[in-house]
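The next block holds one structure in the form of structure tokens; read it before the comments.
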Amino acid sequence: MDASTLPSQPSTSLPTDATNAAPSLTTPRSAVRARRTARPWLLGFVLPVGLALGWELAVRLGLAQGRLMPPPSKILEAFWSLARTGELWVHVGATLGRVLAGFAFGALFGTLLGAFAGASERFRWIFDPTLQALRAVPSIAWVPLFLLWFGIFETSKIILIAVGVFFPVYLGVAGAIAGIDRKLLEVGRVFRLSPFATVRRVMLPAVLPEWIIAIRSGLGLGFMFVVAAELMGASEGLGYLLLDGQQMGRPDQILAAIIAFALLGKVCDGIVVAATAPLTAWQDLRRGRL
Amino acid sequence: MFVVQGLSKTYADGTHALQSINLAVEAGEILAVVGGSGCGKTTLLRLVAGLDTATSGAITVDGEPILGPHPAVGIAFQEPRLLPWLCVADNVGFGVMDLPRGEREARVAEAIERVGLAEHAQRWPRELSGGQQQRVSIARALVARPKVLLLDEPFSALDAFTRASLHEHLLTLWAASRPTVVIVTHDVEEAVSLADRVVVMRPRPGRVFETISVRAGRPRDKLAPGFDKAKRRVLNALDRSLKTAEDHQTPSAGGAELWW
Ligand SMILES: Nc1ncnc2c1ncn2[C@@H]1O[C@H](COP(=O)(O)OP(=O)(O)OP(=O)(O)O)[C@@H](O)[C@H]1O
Ligand SMILES: [Mg+2]
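Protein sequences, first through last, are from chains A and B. Quick note on full-length UniProt numbering: the first sequence kicks off at 1 and runs consecutively. Quick note on full-length UniProt numbering: the second sequence kicks off at 1 and runs consecutively.
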């Protein structure tokens, strides 16, 4: 049996090769690629839009009550009425202000300490273990302590957000600096750059792409922590809106606030991406290749 | 004139990379360095470029000692080592940023023109082929007008055609300002077609085994019988240098001259 199947292998593998090659022969390759790349992002809408429409219909037709999970039309209505009365913008403004303030401090210290840790072995030996230990603490665990130390007003919130932003930025920058190609630094040495010029002309540009990624993940965490900060007591902010919705038994308001969070986070990230895109135009991205 | 005297290098881990290297290279001379892998060629160039410090011995360029990176010495590394965030023109101008703008731009434009990349001046390094990147890196070293130009296997990653055209580029560049050139290569034909003298090194520890003079006009005729003879001579020396058993005496440079 073995002896009879072995010689026939080349002939049996031939048809499969032919069928694999068939599509590219019958249809132009560009058409195949267009079909593959143009559609998939639309596919992503099928599930959420379908679910939303289904739920809307179910509630309209009386199949479901929609009290705990209001239909999309009610959520949009809540969102719209918050926007129209101007209430939404007050909350968005409060939340955004906290995120930006906390983000500014967290990103600044994360970048500075990350730079020191990446550049100086001694600094790393002294500070990194402590920072890593602090990182292991779930940041929400700081809340009671911060409330005791900094009171219940803005300071404690901003510090909590700053702590959340600090760690991804610190780790990202330290890793980026430690990972700078020694060969490129040597090019700076050959041309006798001063230490300052080496930082400005070689190290900074080299770590820029990773710094931007660190900043973006820091900003994302900033939004996570602003919710925690606002849930621990605030009189305005999207987190307050969440809490208020819960206490008033208004799921539509909670969902409207969640949508506002999603949009705000996406817009902020988009701004960071757009603002920094020209700085990293030199990168060998796959996007540039395809 | 560029002189290396009794240069030795022992690395921190005890590797005896170089032992009493003596070289005297005339201004404007092209010197090729060949030798088996690990015989200290890169170590030698790095010492001359001031990137590492010698264990003992001295290097001088026109009487000035080299104690660290020096404006009189330029180096093009084995890899192009271009800064990916700078366009070709800015990469070439990287080492001359302290010149006044007008002069800098003129020099950069001239260097780019010379290596035949004028229409690529504003492109990113990633958009260039390997050979083009290598030319940018040579232009970057040249634009600072060093008296001594060190090239560490600059063409080793390239195909024969690109290599031959880069040889021409290099010789035109050299003819323009006549720097002293030290070129490390694994390619005997490359050594013989470029250099005035070929230094054959021998490993463990690295030292000069033999020096072969190639006295011929440029451009060199690769079909001339003398060319083959010189090549064979270098190959032969290389062969013997790798047979480390016998303790060979370094012959004097004068005895190994070759004419055609
Ligand atoms: N940083 C270093 N630390 C310790 N030993 C080193 C170091 N760099 C090189 N060596 C050793 O020194 C010797 C010479 O190395 P070098 O790089 O100069 O050789 P090379 O002639 O350039 O070889 P190749 O032709 O393969 O590039 C080798 O034995 C190598 O292992
Ligand atoms: Mg080498």
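Glycine included, C-beta positions come from ideal geometry on N, C-alpha and C.
- At least one beta carbon of chain B lies nearer than 8 Å to the beta carbon of A/Arg189.
- The C-alpha of A/Arg67 is placed about 60 Å away from the C-alpha of A/Arg122.
- At a Cβ-Cβ threshold of 8 Å, A/Val90 and A/Glu230 do not count as neighbours.
- DSSP, reduced to helix, strand and coil, places A/Ser73 within a helical segment of the structure shown.
- Only exposed fits B/Ser177, as fewer than 16 other CB atoms lie within 10 angstroms of its CB.
- For chain B, none of the residues of the segment 94-122 of chain A brings a beta carbon within less than 9 Å of one of its beta carbons.
- DSSP, read as helix, strand or coil, puts B/Pro65 in strand.
- Distances from the alpha-carbon of B/Ala144 to those of B/Phe209, B/Thr42 and B/Pro69 put B/Pro69 closest.
- Taking the Cα of A/Ala178 as reference, the smallest distance to any Cα among A/Arg124, A/Ala197 and A/Pro138 is reached at A/Arg124.
- At a beta-carbon threshold of 9 Å, the residues of chain B lying near A/Pro205 are Leu83, Pro84, Trp85 and Leu86, ordered along the chain.
- The beta-bridge partner set that DSSP reports for A/Thr280 is empty.
- Pairwise C-beta distances place the segment 163-172 of chain B out of contact with the segment 15-28 of chain B, as fewer than three of them are shorter than 8 Å.
- Judged by DSSP in its simplified three-state form, A/Gln247 adopts helix.
- Scanning the segment 40-102 of chain B for uninterrupted alpha helix (DSSP H) segments of 4 residues or longer gives 41-48 and 88-92, listed from N- to C-terminal end.
- Here A/Val46 is exposed. Its C-beta has fewer than 16 other C-beta atoms within 10 Å.
- Annotation: B/Val92 to B/Pro65 spans about 27 Å, alpha carbon to alpha carbon.
- A direct Cα-Cα distance of roughly 32 Å separates A/Arg200 from B/Ile183.
- Placement of the Cβ of B/Thr55 at a distance of 7 Å or more from every heavy atom of ligand 1 is found.
- In this model, A/Ala174 and B/Asp239 are separated by some 49 Å (Cα to Cα).
- The beta carbon of B/Ala157 does not come within 8 Å of any beta carbon belonging to chain A, so the residue lies off that interface.
- Within chain A, no C-beta atom comes nearer than 7 Å to that of B/Phe2; the closest sits roughly 17 Å away.
- In this structure A/Ile158 is in contact with A/Phe105, their Cβ atoms being roughly 7 Å apart against a cut-off of 8 Å.
- Contact between A/Ile254 and A/Leu242 holds: CB atoms are separated by about 5 Å, below the 8 Å threshold.
- Under DSSP, B/Asp152 forms a beta bridge with B/Val184.
- At a cut-off of 8 Å between C-beta atoms, A/Trp282 counts as an interface residue with respect to chain B.
- Residues of the segment 170-190 of chain A that bring their beta carbon within less than 8 Å of a beta carbon in chain B comprise Lys183, Leu184, Glu186, Val187, Arg189 and Val190, in sequence order.
- B/Val148 is positioned such that its CB atom lies closer than 8 Å to that of B/Pro179.
- Within 7 Å of the C-beta of B/Glu26 there is not a single heavy atom belonging to ligand 2.
- By the 16-neighbour rule on beta-carbons within 10 angstroms, B/Arg202 is buried.
- Contacts with chain A (Cβ-Cβ distance below 7 Å) from the segment 42-69 of chain B involve Ala49, Leu51 and Pro69, listed in chain order.
- Counting C-beta pairs closer than 8 Å gives three or more between the segment 220-228 of chain A and the segment 260-280 of chain A, which meets the contact rule.
- Chain B places no beta carbon closer than 8 Å to that of A/Arg200, leaving this residue out of the contacts.
- Residue contact check for A/Arg192 against chain B: a CB pair falls below 8 Å.
- Below 8 Å, enough C-beta pairs join the segment 212-224 of chain B and the segment 189-196 of chain B to call them touching: three or more.
- One alpha carbon belongs to B/Leu31, the other to B/Leu158, and they sit about 21 Å apart.
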